[in-house]
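Undergrad: Position in the sequence shown counted from 1, then plus 23, gives you the numbering used here.
Sharing a structure, written as structure tokens. Questions coming.
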Amino acid sequence: MVKPRNNLFFAGVILLLSMPTVASVAYFKITGDPTFRPLGITVASLTENLVGGTSRGITVRIEWGESSNTSNSKEQVRLALEKAMSVYPIDFLIRFENTSSAAIEIFFVVDGAKIGPYQLQDVSSGIPAALAAFSMKPPEES
Numbered sequence: 024m025v026k027p028r029n030n031l032f033f034a035g036v037i038l039l040l041s042m043p044t045v046a047s048v049a050y051f052k053i054t055g056d057p058t059f060r061p062l063g064i065t066v067a068s069l070t071e072n073l074v075g076g077t078s079r080g081i082t083v084r085i086e087w088g089e090s091s092n093t094s095n096s097k098e099q100v101r102l103a104l105e106k107a108m109s110v111y112p113i114d115f116l117i118r119f120e121n122t123s124s125a126a127i128e129i130f131f132v133v134d135g136a137k138i139g140p141y142q143l144q145d146v147s148s149g150i151p152a153a154l155a156a157f158s159m160k161p162p163e164e165s
């Protein structure tokens, strides 16, 4: 039978082990600094984060209508856009947002400027516009 004293010991060990995680989550919630979010640092989350008031790349926002009639899946669209954008030396992030409309609209967001909407069949014509907008950004200070 487990003694109450052993239960208190195990609770203390669990509390001691979880304190760094609790502290880093609390710091993240207070400051919004993603580098302190435990197990949450990804390229996508850091690319999306603002650095010096400007975004670090191009965000491709896809508003996916739930009742859209397309033969393409979200994963197929993501892979095609990743293939098209990966030839450029620019960080990019692809985000899907579900909407109640029947349309699929694609926006390129560069430093707060929204370029689009583009339809799925002509999204490639939006890439040069997004690259031009990105090239007009002032260089980031290091």
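Don't be surprised by glycine CBs; every beta carbon is placed ideally from N, CA and C.
Remember, it's a predicted structure, so these values are computed and weren't measured experimentally.
Using 7 Å as the cut-off, classify the Cβ of P43 as near or not near the heavy atoms of the ligand ZN, replying yes or no.
TA: Looking for the ligand ZN in the displayed structure turns up nothing, as the structure carries no ligands at all.
Undergrad: Identify, in the order they occur along the chain, each residue of the same chain with its Cβ nearer than 7 Å to the Cβ of F157, setting aside the five sequence neighbours on each side.
TA: Cβ neighbours of F157 beyond the five flanking positions: I81, I113, V133.
Undergrad: Pairing CB atoms from the region 106-125 with CB atoms from the region 136-155, are three or more of them under 8 Å?
TA: Yes: at least three Cβ pairs fall under 8 Å.
Undergrad: Quick check: S91 and A126, are their CB atoms within less than 8 Å of each other?
TA: Contact: yes.
Undergrad: Candidates V83, E105, E128: which alpha carbon is nearest L93's?
TA: The question names Leu, but residue 93 is Thr in the sequence shown. Of the candidates V83, E105, E128, the one whose C-alpha sits nearest the C-alpha of T93 is E128.
Undergrad: State the Cα-Cα distance for the pair I117 and L31, rounded to the nearest angstrom.
TA: Answer to the nearest angstrom: the Cα atoms are 48 Å apart.
Undergrad: What does the Cβ neighbour count give for I166, buried or exposed, with the cut at 16 atoms within 10 Å?
TA: Past the edges of the chain, shown from 24 to 165, lies residue 166, and the structure says nothing about it.
Undergrad: Do you know whose CA, among A136, P140, V100, G88, lies nearest M159's CA?
TA: Checking every option, the nearest Cα to that of M159 belongs to A136.
Undergrad: For K137, name the three-state secondary structure that DSSP assigns.
TA: K137: strand per DSSP, three-state reduction.
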